[in-house]
Structures are given as structure tokens and as C-alpha cells.
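All letters in the sequence shown, in the order written, are residues -26 to -1, 1 to 267 by mature numbering (1 follows the signal peptide of the UniProt record, and there is no 0). Positions of the beta carbon are idealized from the N, C-alpha and C atoms, including for glycine. Notes follow the structure.
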Amino acid sequence: MLDRRTLLGRAALLGAATVAAGPASAFQAHRVSIFDVLQKDVGGRLGVAALDTGNGQRLVYNAMERFALCSTAKLPLAAAVLAASERGSVSLDKEVAYSEGDLLTHSPVTKAHLAQGKMTVGALIEAMLVESDNAAFNLLLPQIGGPRGATRFLQQTGDRTTRIDRPEPALNEVKGDDPRDTTTPLAMVELMQKVLLGSALDPADQHKLIGWMVECKTGLNRLRAGLPKGWKVGDKTGTGPNGEVNDVAIAIPPGRKPILIACYIDAPNLPPAKADAVQSQVGTLVGSLFANG
């Protein structure tokens, strides 16, 4: 594992090369030793994409390889439900009934409301994003027509890469070249740009979505742990049973446009704490490379 001083030193060298290449260019980090070292440290696959929406500068590393979404799928599902509410096909105040049989592993909010036996669509979105509540995902998916509805929304945004095919927990089982429930880091960053900052959602719903990401409690040790302390950061994590450790984030430096980041790790033998540390290191690198806009 690289220490912070070495990491920042190498980032400074990469940053100098980036500035020389021009602010609008995409710099391919797959030839840069620092990301190769991180991937070797992971002992599996590392995929990263980052976009400075202020100047168009991009960072990409294995950014067009497919990775399991895991719970990062909850961000596009939340956007799809909000879009449906804007069309009037579902109300955020609609109450969704459920029972103990609907609860899954890591469903803290829906479990806490089990006695009531129902939650509103809006409350389920919040539970899904802030606490990564798995039952909330499954309760929300039918509200937009299931996986077909999710696919329809993704395609309407122009994303023909990201796929939501199955409910929890099946969506976490991605093996080999199976494209179901996968994305690429680049596709996820481009999708975030559309739903968080573009025209896919009304500004009021974008504000809600970003607010819930900022409140997210599951990513404190991942990307946001390495990003500069003065930046406003929101994220959505994803963790799978076969070494998948993911995080996607919006980071807003003071007085600047947001930076969007997607980091996916696929490393079956990597201890969870070490995977979190790699995510944090990627955050440190992105913070350093995009420090000056």
C-alpha cells in the first residue's frame, strides 16, 4: 500500500503532465505507474473514471471494463423513480406495504418500520441511498415497472451500458462475462452527469438526490475519506460477496463545478479494510489531480 506522501508525490507528477496536455483532454491513466501500482496492490481489477464538469478534464483507468454494480445500482434506481414521479406515474407520497418476508440482510430502515408495515416511496428512496437499505430497493423496483422500467429509464438518458436486471440480492451475483447488473466506470460517471447535473431530472429532484448522497452513511471510509476535507461530497457505495467494493461520488470544491467519480474494485481475495483504503487512495489522487480546476 502506498503511503500518502508517495501517493501525493506521484499525483503531482501526473498532474503536471495533465496540465501540459490541456484542460479539455482526457488523460489515459492506464499508462501511469501510480494506478498500475494500486491495481497490483488490489490483486484483482480496478476501474476508475472521474470528470471535472467545470473544464471537461477526465481521468480514466480501465474505465470501459464492466464491473458488478452491487448497491451502486441504487443511485440510478432512485433517479428512475424520481423521473417517474415527475411524469405523474408514481407519487413520492404513495405508501408501499410490506411484511417481514420482504426484509433482507442489511435492511435497517425497513426493519425499523416493520411494525407500521408500510413506508412512502420518498422514504424508501431515502432509506435506499442513505442507509443502502436492500429491502427498499426491492420495494421500489416494481414502482417503475421492474427491471424493464429501469432499463427504459437508462436508455432514455442515453446510457446503453448500465444494466439493472435483477432484484436484491441476486443482482450481486455477477460472474465471468455476464453483463447483467453491470456498468463501466465511464458509463456511471456519464450517467451521474445526466441525472445529477443535466436534464434527466428537474433541479428540485437533483437537489434531493445529491442531498441524500451527501447524507450517505456507508461510504465514510471510501472515496470521501481521501477527498479534500473542504469539499462537499456525496456518494453511493456498493459491496458484493465476491470481492466487489465500489463507490460513486459527487465532489464539489468550494466555488467550483462538481467533480464526478466512479471507482469499482473486483478483487475476491482483498480484505474489506484494504479495499476501503484503496478507495480512499483513489479519492486522494482525484482530489490532488483536480485540485486547481
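Cutoff 7 angstroms; reference residue i; Cβ partners in own chain excluding five residues on either side
{"i": "Ala97", "result": "none"}
{"i": "Arg230", "result": "Gly28 and Gly267"}
{"i": "Ala161", "result": "Asp133, Thr135 and Thr136"}
{"i": "Leu170", "result": "Gln180, Leu183, Ile184 and Ile224"}
Assigned exposure category for residue i - 16 Cβ within 10 Å defines buried
{"i": "Leu263", "result": "buried"}
{"i": "Met38", "result": "exposed"}
{"i": "Lys191", "result": "exposed"}
{"i": "residue 299", "result": "Coverage of the chain is limited to positions -26 through 267, which leaves residue 299 absent and any answer about it impossible."}
{"i": "Ala(-7)", "result": "Note on Ala(-7): pLDDT 35, under 50, position unreliable in the model; no value is reported."}
{"i": "Asp67", "result": "exposed"}
{"i": "Arg196", "result": "buried"}
{"i": "Glu164", "result": "buried"}
{"i": "Ala52", "result": "buried"}
beta-carbon residue i near the ligand GDP non-hydrogen atom, thresh 6 angstroms
{"i": "Ser63", "result": "You won't find the ligand GDP in this model; it holds no ligand whatsoever."}
Proximal residues to residue i (C-beta, below 6 angstroms), its chain only, five neighbours per side dropped
{"i": "Ala249", "result": "Val219 and Ile239"}
{"i": "Met102", "result": "Lys48, Ala110 and Phe111"}
{"i": "Gln13", "result": "Leu20"}
Residue i and residue j closer than 7 angstroms at C-beta
{"i": "Arg32", "j": "Leu25", "result": "yes"}
{"i": "Arg154", "j": "Asp139", "result": "yes"}
{"i": "Leu201", "j": "Ala225", "result": "yes"}
{"i": "Asp209", "j": "Gly185", "result": "no"}
{"i": "Asn108", "j": "Leu88", "result": "no"}
{"i": "Pro242", "j": "Asn216", "result": "yes"}
{"i": "Ile8", "j": "Val55", "result": "no"}
{"i": "Thr131", "j": "Lys92", "result": "no"}
{"i": "Leu115", "j": "Val70", "result": "no"}
One or two residues paired with residue i in a DSSP bridge
{"i": "Val222", "result": "Lys210 and Ala236"}
{"i": "Arg122", "result": "Arg122 is not bridged to any residue."}
{"i": "Arg19", "result": "Asp240"}
Other residues of its chain near residue i: CB distance less than 8 angstroms, five sequence neighbours each side excluded
{"i": "Ser254", "result": "Asn195, Arg196, Leu197, Ala199 and Gly200"}
{"i": "Lys203", "result": "none"}
For this session: For the segment 21 to 97, list the alpha helix (DSSP H) runs that are entirely contained and at least 4 residues long, ordered along the chain.
Result: 48 to 61 and 82 to 86
For this session: Only counting runs of 3 or more residues, tell me where the beta strand (DSSP E) segments fall wholly within the segment 118 to 205, in order along the chain.
Result: none
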